[in-house]
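Novice: Quick one: the structure is below, and I'll ask about it shortly.
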Amino acid sequence: MTAYKSAEGVYSGQLYRTNGAPFSAYVPPATATLIGAGTLTFSSATTGTFAYAVNDGANVATQTKTIELQTFGPVPTCVWGAQPDLTLAT
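In our numbering, the protein residues as written are 513 to 602.
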């Protein structure tokens with residue numbers, strides 16, 4: 513999906529389907545076909561929704577999915593401090 517910010521916490525854009533060789537193969541780029549539109553709406557830094565409409569020519573599918581950040585361990589805490597002088601390293 514290519515998306516642009518349309519409001520605070522809201523990103524909307526077009527959905528594409530790509531066809532081509534496997535990622536590991538070196539061939540010309542895959543062909544992208546426009547198949548619908550989608551919107552990402554974030555209600556917080558860790559939760560939101562993904563709403564989309566996909567049209568394959570014969571059918572239209574419209575759904576909204578809840579999304580959330582998945583953390584797989586403790587989240588590091590950033591600490592600000594002076595940078596060491598690496599020119600003194602041996």
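Idealized CB from N, CA, C, for every residue including glycine.
Please read these numbers as outputs of a predicted model, since none were measured by experiment.
Among all the DSSP beta bridges, which residues are the ones paired with F562?
Specialist: Residue numbering aside, residue 562 sits at position 50 when the sequence shown is read from its first letter. In DSSP, F562 forms a bridge with L552, K577.
Novice: Comparing alpha-carbon positions, which option in P541, Q526, T576 lies nearest A533?
Specialist: In the sequence shown, residue 533 corresponds to position 21, counting from 1. Of the listed residues, the one whose Cα sits closest to A533 is P541.
Novice: Measure the C-alpha to C-alpha separation of V585 and S555 and round it to an integer number of angstroms.
Specialist: The residue you call residue 585 lines up with position 73 of the sequence shown. The residue you call residue 555 lines up with position 43 of the sequence shown. Rather than Val, the amino acid found at residue 585 in this sequence is Gly. If I take the Cα positions, the gap works out to 23 Å.
Novice: In terms of residues, what are the limits of the beta strand (DSSP E) holding Y523?
Specialist: Working through the sequence shown from its first residue, we reach residue 523 at position 11. Note, Y523: beta strand (DSSP E), 522–531.
Novice: So T514 is in the beta strand (DSSP E); what residue range does that whole segment cover?
Specialist: If you number the sequence shown from 1, residue 514 lands on position 2. Counting along the chain, the beta strand (DSSP E) containing T514 begins and ends at 514–519.
Novice: Going by CA-CA distance only, name the one from T545, P588, G560, S518 that's closest to G569.
Specialist: To locate residue 569, count along the sequence shown from 1; it is residue 57. With distances taken between Cα atoms, G569 lies closest to T545.
Novice: Rounded to the nearest angstrom, how far is the Cβ of T558 from that of L581, given a contact under 8 Å?
Specialist: Indexing the sequence shown from 1 puts residue 558 at position 46. Indexing the sequence shown from 1 puts residue 581 at position 69. At roughly 4 Å, the Cβ-Cβ gap stays under 8 Å, so T558 and L581 are in contact.
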